[in-house]
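So the protein sequences, as listed, match chains C and Y.
At position 18 of the first sequence (counting the first as 1) the number is 621 in our numbering, and the numbers step up by one without a gap.
At position 77 of the second sequence (counting the first as 1) the number is 398 in our numbering, and the numbers step up by one without a gap.
Where is the CB? At the ideal position from N, CA and C, for every residue including glycine.
Values in this document were obtained by computation on a predicted structure and should not be read as measured data.
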Amino acid sequence: MATVARRAGEYSEPVVAWWSGRRLRFVVVLVLLGAFYSASWHLARVDPGRLLTGLPKMAGWAAKA
Amino acid sequence: MAAIGTTAAALLALPLCVIAARNVTPSLALYYPARWFLNALRGVDSFVFALLFVAAVGLGPFAGVLGIAFHTWGSTAKLWAEAIENIPPGPLEAAAATGASRVKVIAFALLPDVAPSMVSVGLFWWEFNVRASTVLGVVGAGGIGQELKNSMDLLLFPRLLTIILLILVTVTVIDHTSEWLRRKLE
């Protein structure tokens, strides 16, 4: 890996390309994962509000059991 | 349904598996309640949880997601806790000897050691839940099981076999992904 010349006593920092194939692959995987979870969330009709009303109902049943 | 349920279960299982592993638990006073809680979650099948959630949150795939999430939470956390208990104590002791905090020991000595088996267990449960979701549709918990049941009721057998084929393809893809990920992590 190429390095940038520094003054004596300083560590030479490796030059990392801002846009590399590896980063592009990482971003693509991240976007695909996001799209997958977004679609799954939508299809599963996830509604935390319903859970907030449902859990106390279940707790009530458990208390009576 | 299986993806969201399994992911939610994995996120919930992560802190609990550390508490439920004897060698890294912060306190035995937390260890036993954590174990009992996990046993209670594992003791009730996702089908039974889905039946309860259909009554509590209404018909639809969300009840199935909750059914899958609750059962998988208990099972995954227990298997992860056992994986943590089986690791050699050397790396943990070495990290602790450097003065690393408990969180750092878990992050840098424990997790890299158990990550392959944790990923493997997580993907196994995802694959298992894809198959389980076919049954959950029958109790009104939506998902692909609902489509399967509708096709069966309407005698649309070509559609039914297409759905079964889709399930088989999904399970095979997850199996190969699991194998690839495990190889990458080793």
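Does DSSP put residue i in a helix, in a strand, or in coil?
i, result
"Pro437(Y)", "helix"
"Pro659(C)", "helix"
"Thr455(Y)", "helix"
"Gly411(Y)", "helix"
"Ala430(Y)", "helix"
"Ala376(Y)", "helix"
"Ser422(Y)", "coil"
"Ala416(Y)", "helix"
"Gly464(Y)", "helix"
Would you mind giving the Cβ-Cβ distance between residue i and residue j, rounded to the nearest angstrom? I have them listed as a contact below 8 angstroms.
i, j, result
"Ile495(Y)", "Leu444(Y)", "6 angstroms"
"Val456(Y)", "Phe370(Y)", "Contact flag wrong, Cβ pair sits at about 12 angstroms."
"Leu351(Y)", "Ile340(Y)", "5 angstroms"
"Val386(Y)", "Gly326(Y)", "5 angstroms"
Output the boundary residues of the alpha helix (DSSP H) element that contains residue i.
i, result
"Leu482(Y)", "Phe478 to Leu506"
"Thr393(Y)", "Pro382 to Glu406"
"Leu475(Y)", "No alpha helix (DSSP H) contains Leu475(Y), which DSSP labels as neither H nor E."
"Ser348(Y)", "Unbroken run through Ser348(Y): none, as it is neither H nor E."
"Thr327(Y)", "Ala323 to Ile340"
"Arg626(C)", "Gly624 to Leu646"
Given this structure, state the Cα-to-Cα distance separating residue i from residue j, to the nearest angstrom.
i, j, result
"Val492(Y)", "Arg452(Y)", "8 angstroms"
"Pro355(Y)", "Gly652(C)", "The sequence shown places Ala at residue 355(Y), rather than the Pro named in the question. Each residue's Cα considered, the two are about 27 angstroms apart."
"Leu400(Y)", "Trp447(Y)", "14 angstroms"
"Arg343(Y)", "Glu406(Y)", "6 angstroms"
"Val424(Y)", "Gly411(Y)", "17 angstroms"
"Leu477(Y)", "Gly461(Y)", "19 angstroms"
"Ala330(Y)", "Pro479(Y)", "34 angstroms"
"Ser396(Y)", "Glu500(Y)", "21 angstroms"
"Gly458(Y)", "Trp357(Y)", "29 angstroms"
"Ser472(Y)", "Leu646(C)", "19 angstroms"
"Arg503(Y)", "Val634(C)", "22 angstroms"
"Val632(C)", "Arg625(C)", "11 angstroms"
"Ala421(Y)", "Met661(C)", "42 angstroms"
"Val435(Y)", "Thr346(Y)", "16 angstroms"
"Leu658(C)", "Met322(Y)", "19 angstroms"
"Tyr353(Y)", "Phe391(Y)", "19 angstroms"
"Ile389(Y)", "Ser454(Y)", "8 angstroms"
"Pro437(Y)", "Ala377(Y)", "37 angstroms"
"Asp650(C)", "Ala418(Y)", "46 angstroms"
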